[in-house]
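Note sheet for the following structure.
Residue numbers (our numbering): 739 to 1192.
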């Protein structure tokens, strides 16, 4: 059954920033909408009241002149710039400007005023906004209308809307910055925890968290440092135990090996069944001796007592010599022409790496078939060993470089489970790494990189 896919989530810092931004967006837009609605209502009401007062004043002037039977010219009225009047008497309209006919005023307004109701109405004419006021003058049997432009009011509203939108944008940006800054401050201790934990995971067991000068955060730092102290103490105790056990076992194993070698030298004097038992004992004693030697080497690495001694080495001459020394002189060796004649390596560690890879291929990979060297970039050297085995499953390719780890294909074969772990440790000492991949045509290809070799 496949594992459920983990839902991808945003980073905590991003979520905090979005939280501040969305809250600022809702608050600023809400405030902007309310402010604009109040301002719009106030400005329009104020404009309509001003228009109504002006229209009533002009209507009174017209009525007084009509009742006094004075000659009246509607053009003499002082109307607002951009506005226009209309007088209807005895059903006949008097229009001072042909550009603004009777039909310019809304029919609903004219009908209401003609029926004896003074009213006002907003409308658009030729794409421009107006507010019209109609006044019934029954004493003079006339109706007076006047339209007032609303462009200045609409312009003020647009200015207010623009200012509110700009203010909302600035508020959102400030809130986003505040959220980012706050999350950065809040996550700084966690970043320090992650950094310290990464250093410990990389082998820096002395890494600790500094004091945060905050009672709440100091508890986090103190707890983390206590945990790191406990981990360091336990690892050091286990390393000392492994080293002590390996040292204590070295002497009896040496004696046991010598005794077994003596017996093996006289195996022809022993019965057949005893010879078979002796073969098992010899094999297991040698395996035990190899494991103890590997444990001693790992304990020295863990204790930091082994230093990297780089020297100029001719790998074209060194690799065949190592292969011959360990009984693999017939394995094909290829060195890329880009590999310099002299490279800077720790000679002993390099020999240990190559020997372990060859032994691993021989024990678990059907035997080594090729050793090759090539350059990656200007300063990285790569050593590779191809074998003729079944290869390594993808799920085991990183685990087999752990201590005492054994691949599924090698569980019933002879081996200590420490050889590849030593390869990884020595590669890391050179600033490189060890990995395994598929060999074209079948089998496994074990690779080790060495940095800063030129």
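A virtual CB, placed ideally from N, CA and C, is assigned to each residue, including glycine.
{"Query": "Collapsed DSSP secondary structure at residue 1083 in the structure displayed", "Result": "strand"}
{"Query": "Distance between residue 918 and residue 782 (C-alpha atoms, nearest Å)", "Result": "42 angstroms"}
{"Query": "Endpoints, alpha helix (DSSP H) assigned at residue 790", "Result": "750-805"}
{"Query": "Delimiting residues of the alpha helix (DSSP H) encompassing residue 1187", "Result": "From DSSP, residue 1187 is part of no alpha helix (DSSP H) but of the beta strand (DSSP E) over 1182-1188."}
{"Query": "Rounded separation between residue 825 and residue 882 - CA only", "Result": "5 angstroms"}
{"Query": "Cβ-Cβ distance between residue 1181 and residue 1129 below 9 angstroms", "Result": "yes"}
{"Query": "contact_flag[the region 921-929, the region 899-910] where n(CB pairs < 8 angstroms) is 3 or more", "Result": "no"}
{"Query": "Start-to-end residues for the alpha helix (DSSP H) that takes in residue 1062", "Result": "1053-1063"}
{"Query": "Cβ-based neighbour list, residue 1143, same chain, cut-off 7 angstroms, excluding 5 preceding and 5 following", "Result": "1137, 1155"}
{"Query": "Top-ranked residue by Cα proximity to residue 892, from 1086, 778, 771", "Result": "778"}
{"Query": "Residue 1026 vs residue 1095 beta-carbon contact at 9 angstroms", "Result": "no"}
{"Query": "Closest Cα partner of residue 1140 within the set 817, 907, 1036", "Result": "1036"}
{"Query": "Integer Cβ distance of residue 879 from residue 828, believed to fall under 8 angstroms", "Result": "6 angstroms"}
{"Query": "Closest residue to residue 1165 among 1132, 1177, 1176, 1119 (Cα-Cα distance)", "Result": "1119"}
{"Query": "Reduced DSSP secondary structure (H/G/I, E/B, other) of residue 1171", "Result": "coil"}
{"Query": "Cβ-based burial, residue 793 [other Cβ within 10 Å; buried from 16]", "Result": "buried"}
{"Query": "Close-in-space but distant-in-sequence residues of the same chain around residue 1105 (CB under 7 angstroms, 5 per side omitted)", "Result": "1099, 1125, 1126"}
{"Query": "Spatial neighbours of residue 869 in its chain, beta-carbon cut-off 7 angstroms, leaving aside the 5 residues before and after", "Result": "785, 786, 789, 858, 860, 886, 888"}
{"Query": "Within-9 angstroms CB hit, residue 889 to chain D", "Result": "The chain inventory of the structure shown lacks chain D, comprising one protein chain alone."}
{"Query": "Stretch-stretch touch, CB-based, cutoff 8 angstroms, three pairs: the region 963-980 with the region 936-946", "Result": "yes"}
{"Query": "One or two residues paired with residue 1073 in a DSSP bridge", "Result": "1111"}
{"Query": "Per-residue DSSP class, three states only, for residue 1022", "Result": "helix"}
{"Query": "Buried versus exposed, by CB contacts within 10 Å (16 or more), residue 965", "Result": "exposed"}
{"Query": "Cutoff 7 angstroms; reference residue 1001; Cβ partners in own chain excluding five residues on either side", "Result": "1016"}
{"Query": "Environment of residue 1004 [buried if 16+ CB atoms lie within 10 Å]", "Result": "exposed"}
{"Query": "Rounded straight-line distance, which links the Cα of residue 1134 to that of residue 1076", "Result": "32 angstroms"}
{"Query": "Paired residues, beta bridge with residue 867 - DSSP", "Result": "862"}
{"Query": "Where residue 888 falls: helix, strand or coil (DSSP)", "Result": "coil"}
{"Query": "Beta-ladder partner(s) of residue 830, from DSSP", "Result": "827"}
{"Query": "Classification of residue 755 by the beta-carbon crowding that lies within 10 angstroms, buried from 16 upward", "Result": "buried"}
{"Query": "Cα-Cα separation between residue 1190 and residue 1048, rounded to whole angstroms", "Result": "10 angstroms"}
{"Query": "Buried versus exposed, by CB contacts within 10 Å (16 or more), residue 843", "Result": "buried"}
{"Query": "Residue 1118 in three-state terms, based on DSSP", "Result": "strand"}
{"Query": "Run of the alpha helix (DSSP H) containing residue 1177, from where it starts to where it stops", "Result": "Per DSSP, residue 1177 belongs to no alpha helix (DSSP H) and is neither H nor E."}
{"Query": "Minimum C-alpha distance to residue 947 - residue among 958, 953, 954", "Result": "958"}
{"Query": "As assigned by DSSP and simplified to three states, the class of residue 1066", "Result": "coil"}
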